[in-house]
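Asker: Let me give you the structure first, and then I'll get to my questions.
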Amino acid sequence: MKRYPTVLTIAGSDSGGGAGIQADLKTIAALGAYGTSAITALTAQNTQGVRAIHAVPAGFLREQLEAVFEDITIDAVKIGMINTVEVVEVIANALDRFQPPFVVFDPVMVATSGAKLIHDETVDVLKNRLFPRATLITPNLDEARILLRKPIESVDQMREAAEELIAQGCPAVLLKGGHLVAARLYDVLAVRGEQVQVFESDYIDSQNVHGTGCTLSSAIATHLALGHALNDSISLAKKYVSEAILAGKDVTTGHGSGPLNHSYSQKTMVIRS
């Protein structure tokens, strides 16, 4: 029987198309896998910011998840925007029931525009219910500050923060340092029982970086679904994001922070026997 490597993205919808479910599905397709989705929230947003958020009822999210899991073999899950406790519980229960091989959780809490996207009471529930069930979490510095309730302003502090998140129940953490604007950028990977690893890359001067976090996490999940190891999946995903930023940096989409060029190097869909 032939089938496609398949990724399920559980995230919010971005009406502007640059982040969330839309960015995830573009990324999954561009990397040669098959994308499925379950929407956690609808947003009214564009390149200039988020205007409104409408949470999907938890019961309807459960229906979406069951519809996908009960019919289609899922090789990896990417989780993005979650803004209610009830939605956290539905996702945690689905992960326990269906046991997908890989789960990449991008704890989306702050939009590129600075808008907060999560209720305060949801943060602790995220830690308790989803962190232990994730293969990898991928917070940026703003999100790590919310999770740890302290500033993070250097690579050394990033190392400490990643190890603290491991201590809070995460099997692996990729702490993204893109908000420390400098000539070189650093991401810190901490895996339980292993030495901390630092990924270094060039800073790309571009206004079009809306959805980079969603794109990176869905690219990691896709590479895991394609059969790559965690470290390799991260390296390949970072390369894809950098090249997508470069390919789209001189393109104007809207009047604010535009999207990456997700389709700069479209791959043929992989088929497994």
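Residue numbers (the numbering used here): 93 to 365.
The beta-carbon is built from N, C-alpha and C at its ideal position, and this holds for glycine as well.
Just so we're clear, the structure is a prediction, and the values are computed from it rather than from any experiment.
1) Have a look at the DSSP bridge pairing and note the partners of residue 98.
2) Go ahead and pull the three-state DSSP assignment for residue 146.
3) Compute the distance between the beta-carbons of residue 238 and residue 197, then report whether it is under 8 Å.
4) Going by DSSP, what residues sit across from residue 289 in a beta bridge?
5) Note down, in chain order, each residue of its chain lying with its Cβ closer than 7 Å to the Cβ of residue 359, except the 5 sequence neighbours on either side.
6) Excluding the 5 residues flanking residue 115 on each side, which residues of the same chain have their C-beta closer than 6 Å to its C-beta?
7) I want to know whether the segment 132-149 touches the segment 342-351 - three or more CB-CB distances under 8 Å.
8) Using CA atoms only, rank isn't needed, just tell me which of 234, 193, 187, 216 is closest to residue 175.
9) Expressed to the nearest angstrom, what Euclidean distance is found between the alpha-carbon atoms of residue 278 and residue 93?
10) So, helix, strand or coil for residue 198, using DSSP?
11) Who are the Cβ neighbours of residue 110 in its own chain at under 6 Å, not counting the five residues just before and after it?
12) Leaving out five residues on either side along the sequence, give the residues of the same chain with a beta carbon under 6 Å from the beta carbon of residue 281.
13) Identify every run of the alpha helix (DSSP H) within the segment 200-278, keeping only runs that are complete inside it and at least 4 residues long; order them along the chain.
14) Identify the continuous alpha helix (DSSP H) that holds residue 312 and give its terminal residues.
15) With DSSP collapsed to three states, give me the class of residue 106.
Answerer: Straight from the coordinates:
1) Your numbering for residue 98 matches position 6 in the sequence shown. Residue 98 pairs with 126.
2) The sequence position of residue 146 within the sequence shown is 54, counting from 1. Residue 146: strand per DSSP, three-state reduction.
3) As a working mapping, residue 238 is identified with position 146 in the sequence shown. As a working mapping, residue 197 is identified with position 105 in the sequence shown. It is not a contact, given that the beta carbons lie outside the stated cut-off.
4) Position 197 of the sequence shown, counting from 1, holds the residue named residue 289. Per DSSP, 281.
5) As a position in the sequence shown, residue 359 is number 267, starting the count at 1. Once the five neighbours on either side are set aside, the close Cβ partners of residue 359 are 122, 123, 124.
6) For the purposes of this step, residue 115 is taken as the residue at position 23 of the sequence shown. Excluding positions up to five away in sequence, the list reads 303, 306, 307.
7) yes
8) Start at 1 with the first residue of the sequence shown, and residue 175 comes out as number 83. Residue 175 has its Cα closest to that of 216, out of 234, 193, 187, 216.
9) Locating residue 278 in the sequence shown gives position 186, counting from the first residue. Locating residue 93 in the sequence shown gives position 1, counting from the first residue. Between residue 278 and residue 93, the C-alpha separation is close to 42 Å.
10) Along the sequence shown, read from residue 1 onward, the residue named residue 198 stands at position 106. Here residue 198 sits in coil by DSSP.
11) Walking along the sequence shown from the start, residue 110 turns up at place 18. Within the same chain, residue 110 has close Cβ partners 302, 303, 351.
12) Numbered from 1 along the sequence shown, position 189 holds the residue referred to as residue 281. Closer than 6 Å at the Cβ level, and outside the excluded window around residue 281, lie 266, 289.
13) 212-221, 233-240, 247-259
14) Working through the sequence shown from its first residue, we reach residue 312 at position 220. First-last of the alpha helix (DSSP H) with residue 312: 304-317.
15) If you number the sequence shown from 1, residue 106 lands on position 14. Correct three-state label for residue 106: strand.
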